[in-house]
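Working notes for the structure below.
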Amino acid sequence: MTRATAVGARSNPVEHLAVFGGRPAFAEPRPIGQLFTPDVERFLALARPAVEQGRLSNGALVLRLEQQLAEFHGVRHCVAVANAAFGLTMLLQRFGRGRPGEVILPAFSYRGLPHFARIAGQSPRFCDVEERTHGLDPRAVERALGPQTSAILAVCNYNSPGDIDGLCAVARAAHVPILFDSVYAVGASYRGRRLGAFGAAEVYSLHATKLLNGFEGGYVTTDDGNLAAVLRWQRDESADAPPADAVLGTNARLGELHAAMALLSLESFDAIVSGNRRRFAAYAAMCARLPGLRLVPVEAGSNCSMAVVDVSSPWPLTRDEMVTVLRAEGAAIAAYYSPPLHRSVHCPPGYDVQVLPVAERLAARFLQLPVGELVSLDDIARLGDVLDLVARRGDAVAARLRRP
Amino acid sequence: MNEPMAWPQVEEAVRGIFARRYFANNGPLVRQLDAGLAAALGVGHAVCVTNGTAALTLLAMAVARSGEVVVPPDAPRSTIDALRWAGLVPTSAVSASAVAVVDVLGEGKVAASEPSLPLLVDARAVSPRRVAGLGAAFSLESMNAGEGGFITTDDAALAGRLRTMRNFHPSETFADVDVRTNAKMSEMQAALGLIALENLRAAR
Ligand SMILES: Cc1ncc(COP(=O)(O)O)c(C=O)c1O
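Quick note, the sequences are listed as chains X and D, same order. Under my numbering, think of the first position of the first sequence as 532, with each following residue one higher. Under my numbering, think of the first position of the second sequence as 84, with each following residue one higher.
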């Protein structure tokens with residue numbers, strides 16, 4: 532049954548929305564992650580020798596992955612790790628040099644970041660972001676810098692790498708290391724150079740929901756050979772003496788089978804990004820006819836791994852009401868980076884919370900739409916039908932949702 | 084180099100993962116391994132994580148975030164560092180600011196005993212078993228299953244904290260905790276763990 536006939540079958544069209552008891556648009560949830568799935572036979576062929584030789588760690592597949600990723604990013608060193616959380620935490624621990632200090636990070640970002648700073652023995656210092664790039668605002672960073680600062684953790688988002696030059700200049704002037712969490716910016720470029728070698732290091736994720744699927748996993752890219760050696764020592768829990776004072780070792784190894792999966796994803800990078808761009812274009816066309824829903828634009832070269840809409844007047848529903856309506860339809864969506872970190876449960880107890888106006892404004896308005904391999908262009912059309920109905924019957928939908 | 088696993092079992096598990104397209108995030112195999120390990124070892128709870136060292140850090144972090152921890156005088160650096168990551172200061176003498184005692188199994192290393200303090204066990208070097216103490220950290224490598232680890236405990240509240248601390252997901256939040264991280268085990272890791280657990284059962 533198509534949606535159109537279903538709508539006609541009910542006397543009150545708004546009852547057709549799943550939130551009011553109608554049939555959901557999607558029987559299976561439509562996720563907000565990439566979930567790239569390589570050909571299973573090819574994965575089995577890569578995995579079999581590792582399994583049969585009992586070499587599930589420290590093998591040829593991780594080395595090959597590191598080599599290929601270093602080439603892909605145009606950097607000297609790539610250190611594969613168990614996940615991006617390990618990579619970020621190890622770097623922040625190294626930059627902390629065994630002393631308590633502060634890590635400057637964006638308030639409008641991933642909820643894990645303040646935790647990684649704390650596990651590294653540091654305190655997070657939340658800074659405001661830029662309206663357009665959603666990345667750290669260099670002027671805010673400048674104001675937050677002080678003798679207590681141990682590192683700047685900047686984030687390159689899916690839509691824009693942010694003001695990398697501005698941030699690096701501020702970091703250089705203060706003699707503070709800067710690292711980039713480029714988890715969502717795989718393949719993006721800044722001033723004509725592919726991301727990978729900016730700052731002291733960049734960190735990427737190989738989590739299944741990210742562009743390159745390694746089940747779980749991550750990697751660090753850097754041109755700094757000394758830093759790469761420190762990271763390898765931290766990762767491999769080596770019995771050798773530490774390469775620098777006050778660095779802590781752990782086990783952050785990426786398994787061979789995870790590396791096999793990531794190798795197959797990397798091989799399909801172009802196809803993955805093309806699929807993302809087709810979906811992104813479909814969302815752009817959809818939003819163009821829906822007043823009050825603006826698809827957040829991306830810079831050229833973006834991998835389009837997310838589709839985020841800015842919900843504002845004259846759209847009849849609030850962003851949070853939209854989350855409720857679309858979740859009921861089977862879209863496994865969420866508000867984007869909301870609440871901002873300094874006003875969330877991820878802010879450490881006792882933190883001196885300041886108003887960060889841009890982060891707070893963005894966090895109140897943005898909604899993530901379903902993306903990735905499990906979302907077809909038909910699915911996007913279906914979602915468009917739901918949104919058309921909401922747009923047409925906005926007052927009725929809003930009234931019914933807000934009924935006590 | 085480890086004793087190899089039987090390929091047909093691995094192949095079947097991989098096909099299942101690809102068919103479900105459920106690769107990570109506390110999926111069905113991780114839940115099965117959590118439950119299977121607890122049942123096989125006769126412990127209240129097993130919490131699977133990235134690897135055995137992450138298991139030790141997470142366990143320590145779930146018990147205390149500051150203070151001294153009593154370790155054997157010749158404890159390996161990997162034990163010491165795992166505890167330092169938790170924010171603790173390893174020492175070999177019991178003091179007033181000690182918050183826990185850690186024993187290291189497999190190398191005959193025992194810390195100064197202090198019955199009033201919780202006992203944590205670094206059991207990464209031994210095959211999984213039931214051990215005395217509040218909680219123990221194990222490695223899947225000891226079962227020839229590659230990277231992976233888990234914590235065992237009979238304490239339900241501690242298990243809830245650990246399950247919360249190993250990820251950030253609101254639906255996987257069971258307790259109020261001070262810090263969280265990504266220490267999730269993948270479905271691929273869990274698949275190997277389940278095969279190794281089956282082999283362990285068969286060998287007994
Ligand atoms: C911006 C950002 N950084 C870091 C991470 C952590 O990545 P991983 O899951 O590999 O630990 C994530 C994961 O969602 C992320 O979104």
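The beta carbon of each residue, even a glycine, is placed where N, CA and C say it ideally should be. Bear in mind that the values here come from a model prediction, so they are computed numbers and not experimental data.
- For Phe647(X), a Cβ of chain D is located within less than 8 angstroms of the residue's own Cβ.
- Using a Cβ-Cβ distance cut-off of 8 angstroms, the region 125-142 of chain D and the region 222-229 of chain D are in contact, since at least three pairs of beta carbons, one from each stretch, lie closer than that value.
- Taken in chain order, the unbroken stretches of beta strand (DSSP E) that lie wholly in the region 168-199 of chain D and span 3 residues or more are 172-174 and 181-187.
- Those residues whose C-beta sits under 5 angstroms from the nearest heavy atom of ligand 1 are, from N- to C-terminal order along the chain, Asn614(X), Ala615(X), Ala616(X), Tyr641(X), Asp712(X), Val714(X), Ser736(X), His738(X), Gly749(X) and Asn265(D).
- Distance between Met792(X) and Asp883(X), taken at the CA atoms: about 43 angstroms.
- Here Pro91(D) is exposed: its Cβ has fewer than 16 other Cβ atoms, across all protein chains shown, within 10 Å.
- If you ignore the 5 residues before and after Ala96(D), its C-beta comes within less than 6 angstroms of the C-beta of Ala274, all in its own chain and listed in chain order.
- Its chain contains Thr664, His665, Val827, Pro828, Val829, Glu830, Ser833, Met837 and Val839 as the residues whose beta carbon lies nearer than 8 angstroms to that of Asn690(X), once the 5 sequence neighbours on both sides are disregarded; these appear in chain order.
- Under the three-pair Cβ rule at 8 angstroms, the region 761-769 of chain X does not count as touching the region 639-652 of chain X.
- With the criterion set as a beta carbon lying under 8 angstroms from some beta carbon of chain D, the members of the region 577-588 of chain X are Ala578, Arg579, Val582, Glu583, Gln584, Gly585, Arg586, Leu587 and Ser588, in sequence order.
- A Cβ-Cβ separation of about 4 angstroms places Val593(X) in contact with Ala790(X) under the 8 angstroms criterion.
- The three-state reading of DSSP puts Leu824(X) in strand, counting E and B together.
- Residues of the region 271-282 of chain D that bring their beta carbon within less than 8 angstroms of a beta carbon in chain X comprise Met271, Gln272 and Leu275, in sequence order.
- In the three-state reduction of the DSSP assignment, Phe221(D) falls in the strand class, which pools E and B.
- Look at Pro901(X) here: in three-state DSSP terms it is coil, with no helix or strand label.
- The beta carbons of Gly786(X) and Phe617(X) sit no closer together than 8 angstroms.
- If the five residues before and after Gln115(D) are omitted, its C-beta is found closer than 8 angstroms to the C-beta atoms of Ala273 and Leu277, all from its own chain and listed in chain order.
- Beta-bridge partners of Leu203(D) (DSSP): Val185(D) and Gly218(D).
- Within chain D, the residues whose beta carbon sits less than 8 angstroms from that of Phe574(X) are Val97 and Phe101, listed in sequence order.
- Around the beta carbon of Asn543(X), fewer than 16 other beta carbons lie within 10 angstroms, which makes this residue exposed.
- Here Tyr814(X) is actually not in contact with Ile683(X); their C-beta atoms are around 33 angstroms apart, not less than 8 angstroms.
- Taking all protein chains in view, the Cβ of His738(X) is crowded by 16 or more other Cβ atoms within 10 Å, so the residue is classified as buried.
- Proximity to Thr781(X) across Ala549(X), Arg809(X), Leu900(X) and Ile650(X) peaks at Ile650(X), based on C-alpha coordinates.
- For Gly861(X), not one C-beta of chain D is nearer than 8 angstroms to its own C-beta.
- Interface flag for Val751(X) against chain D is unset, since no Cβ pair is found closer than 8 angstroms.
- For Ile563(X), the secondary structure class from DSSP, reduced to helix, strand or coil, is coil.
- In the three-state reduction of the DSSP assignment, Pro669(X) falls in the helix class, which pools H, G and I.
- By the beta-carbon neighbour count (other beta carbons within 10 angstroms, threshold 16), Asn250(D) is buried.
- Nearest to Pro871(X) by C-alpha distance, out of Tyr721(X), Ala890(X) and Lys741(X), is Ala890(X).
- In the structure shown, Val707(X) adopts coil according to DSSP, grouped into three states.
- Between Ala183(D) and Val130(D), the C-beta gap is not smaller than 8 angstroms, which leaves the two residues out of contact.
- Out of Arg213(D), Arg98(D) and Ala219(D), the CA that lies nearest to the CA of Ala123(D) is found in Arg213(D).
- If you check each beta-carbon in the region 813-825 of chain X against every beta-carbon of chain D, none falls closer than 7 angstroms.
- For Pro91(D), the enclosing alpha helix (DSSP H) stretches over residues Trp90 to Arg103.
- Residues are counted here when their Cβ sits less than 7 angstroms from a Cβ of chain X; for the region 246-269 of chain D these are Phe251, Val262, Arg263, Thr264, Asn265, Lys267 and Ser269, given in chain order.
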